[in-house]
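Numbering (this note's numbering), first residue to last: 9 to 145.
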């Protein structure tokens with residue numbers, strides 16, 4: 009009999025909207041409708057001849073803005089969170105940015121669009137994100 013309440017609680021938690029956690033805090037989602045939602049149309053990483061990597065992100069219906077911006081344009085604004093192998097690597101406020109060298113081997117990169125309030129833009133609970141795999145040789 010004690011298993012039934014535990015089972016119900018587990019099912020309720022599994023059905024709850026996702027919240028993304030990293031380094032001591034949680035990112036709630038900022039729900040938007042699919043129509044007019046922010047979108048990542050291109051996400052790529054290229055070796056920088058001077059060292060490290062250049063990450064380029066093309067977005068639609070989204071404006072990159074620093075957290076300390078005094079005036080916000082209309083629409084969806086914010087920054088991007090880059091995760092490498094499941095760990096948050098950093099927040100970026102421009103569509104093109106540089107990251108340092110990565111160790112040899114495969115790396116899973118995920119980029120998530122986040123609102124000015126640090127909530128991940130989402131459609132029906134799914135964060136607006138792009139993924140790619142990079143193998144450093």
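Where is the CB? At the ideal position from N, CA and C, for every residue including glycine.
Only a predicted model underlies this, so the values are computations on that prediction, with no experimental measurement involved.
Under the three-state DSSP convention, the category residue i falls into
{"i": "residue 73", "result": "coil"}
{"i": "residue 29", "result": "Because residue 29 sits at a pLDDT of 40, beneath the cut-off of 50, its placement in the model cannot be relied upon, and the following sentence gives the value as read from the coordinates. Of the three classes helix, strand and coil, the one that applies to residue 29 here is strand, per DSSP."}
{"i": "residue 88", "result": "strand"}
{"i": "residue 119", "result": "strand"}
{"i": "residue 140", "result": "strand"}
{"i": "residue 105", "result": "strand"}
{"i": "residue 131", "result": "strand"}
{"i": "residue 66", "result": "strand"}
{"i": "residue 38", "result": "strand"}
{"i": "residue 114", "result": "strand"}
{"i": "residue 100", "result": "strand"}
{"i": "residue 54", "result": "strand"}
{"i": "residue 45", "result": "coil"}
Residue closest to residue i, alpha-carbon to alpha-carbon, out of the options
{"i": "residue 117", "options": "130, 89 and 125", "result": "89"}
{"i": "residue 68", "options": "77, 80 and 51", "result": "51"}
{"i": "residue 119", "options": "42, 44 and 63", "result": "63"}
{"i": "residue 71", "options": "140, 123 and 58", "result": "123"}
{"i": "residue 43", "options": "92, 93, 113 and 83", "result": "83"}
{"i": "residue 112", "options": "41, 145 and 40", "result": "145"}
Residue i, buried or exposed, once every other Cβ within 10 Å from all chains shown has been counted against 16
{"i": "residue 30", "result": "Because the pLDDT of residue 30 is 41, which lies under 50, any placement of that residue in the model is unreliable, and the question is left without a value."}
{"i": "residue 128", "result": "buried"}
{"i": "residue 37", "result": "buried"}
{"i": "residue 86", "result": "buried"}
{"i": "residue 65", "result": "buried"}
{"i": "residue 130", "result": "buried"}
{"i": "residue 140", "result": "exposed"}
{"i": "residue 32", "result": "A caution first: residue 32 carries a pLDDT of 44, below 50, which makes its placement in the model unreliable, though a value can still be read off. Label assigned to residue 32: exposed."}
Proximity test, residue i beta-carbon vs the ligand MN heavy atom, cut-off 8 Å
{"i": "residue 119", "result": "Ligands in the displayed structure: none, and consequently the ligand MN is not present."}
Open item on the list: Between the stretch 130-138 and the stretch 96-113, can you find at least three pairs of beta-carbon atoms closer than 8 Å?
Closed with: no
- [ ] Please confirm if the stretch 75-84 is in contact with the stretch 102-109, defined as three or more CB-CB distances below 8 Å between the two stretches.
- [x] no
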